[in-house]
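Asker: I have a structure I would like to understand better, so I am pasting it below and will then ask my questions one at a time.
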Amino acid sequence: MKEFSRRRFVIGTAATAATGALAGCSGNGGGNGNGNGSGNGNGDMDGNGGGNGGAEGPEARAEAFVSDNDANQYENSLEDMTGQDEVVIETGAGDNGFSFSPSGVVVSTGTNVVWEWTGEGGAHNVVSEDGSDYEFESELTGEAGYTIEQTVDEAGAVLYVCIPHRAQGMYGAVAVVDE
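Residue 1 is where the sequence shown starts when you use the UniProt record's numbering, and the numbers rise one by one after that.
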């Protein structure tokens, strides 16, 4: 797991602990989980289940993440931004401010990815989801112009969500590929 560096970026130890404690409070633990390692990742609360089996590359994993979660502003393909030194992802984009824009991108290793708050849609955060190859959690803020950034040095999938607006479809993904 790769750690994000700091720049006006808080690794929320207490928030992560609280999230982990609350995670056990939801759901009933049901579900069949498929159990063969080749399923869709759905499983029961005992840790049984599919997962991607490691067979999918970063692009397929990122695309499945935003598609399966009905990410706002996702238009059936990842935006190819390979070869760029820096990519900016708007946080609080769209008509209602509940989107990342672009919601899904492909970048080259070595790209500096910047999440920049628009000030729309209330307070947002950017938090890695299970299955992400990068682990991070920003602070919750509605400040326009606030940024976090990370140079992604290794191929993988950066899968993330805005916790307060998860139910509104505020999901995003970055596929990091070797070029």
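Note that beta-carbon positions come from the ideal geometry of N, C-alpha and C, so glycine has one too.
(1) When you compare only the Cα positions, how much space is there between W117 and E56?
(2) Taking the straight line between their C-alpha atoms, what separation do you get for D133 and D95?
(3) Using the three-state DSSP reduction, which class does V66 fall into: helix, strand or coil?
(4) What does the alpha-carbon distance come out to for the pair N112 and V176?
(5) According to DSSP, is E56 helix, strand or coil?
(6) Since A71 contacts G104 with CB under 8 Å, what's their CB separation in whole angstroms?
(7) So, at 7 Å on beta carbons, what are the nonlocal neighbours of T82 in its own chain, with the 5 sequence-adjacent residues on each side left out?
(8) With DSSP collapsed to three states, give me the class of Q168.
(9) Can you list, in chain order, the residues of its chain with a C-beta nearer than 7 Å to that of Y74? Leave out the 5 residues immediately preceding and following it.
(10) Starting from the N-terminal side, write out each stretch of the beta strand (DSSP E) that is 3 residues or longer and does not extend beyond the UniProt domain "Blue (type 1) copper" (89 to 176).
(11) Between the alpha carbons of S101 and E154, how many angstroms are there, rounded?
Answerer: Walking through what the data contain:
(1) Locating residue 117 in the sequence shown gives position 117, counting from the first residue. Locating residue 56 in the sequence shown gives position 56, counting from the first residue. Looking at the two C-alpha atoms, the distance is approximately 31 Å.
(2) Taking the first residue of the sequence shown as 1, we reach residue 133 at position 133. Taking the first residue of the sequence shown as 1, we reach residue 95 at position 95. Answer to the nearest angstrom: the Cα atoms are 30 Å apart.
(3) The residue labelled residue 66 in the question sits at position 66 within the sequence shown. Helix, per DSSP.
(4) Stepping through the sequence shown from its first residue, residue 112 is reached at position 112. Stepping through the sequence shown from its first residue, residue 176 is reached at position 176. Taking the straight line from one Cα to the other gives about 11 Å.
(5) Here the question's residue 56 lines up with position 56 in the sequence shown. It is coil, neither helix nor strand.
(6) Here the question's residue 71 lines up with position 71 in the sequence shown. Here the question's residue 104 lines up with position 104 in the sequence shown. About 7 Å; that satisfies the 8 Å criterion.
(7) Locating residue 82 in the sequence shown gives position 82, counting from the first residue. Excluding positions up to five away in sequence, the list reads V106, V107, S108, V177, E179.
(8) By 1-based counting over the sequence shown, the position of residue 168 is 168. Residue state, collapsed to three classes: helix.
(9) Taking the sequence shown and counting its residues from 1, the one referred to as residue 74 is at position 74. For Y74, where only same-chain residues beyond five positions count, the Cβ hits under 7 Å are V66, S67, S103, G104.
(10) 99 to 101, 104 to 108, 111 to 117, 147 to 152, 156 to 161
(11) On the sequence shown, residue 101 is found 101 positions in, with the first residue counted as 1. On the sequence shown, residue 154 is found 154 positions in, with the first residue counted as 1. When rounded, the distance between both Cα atoms is 22 Å.
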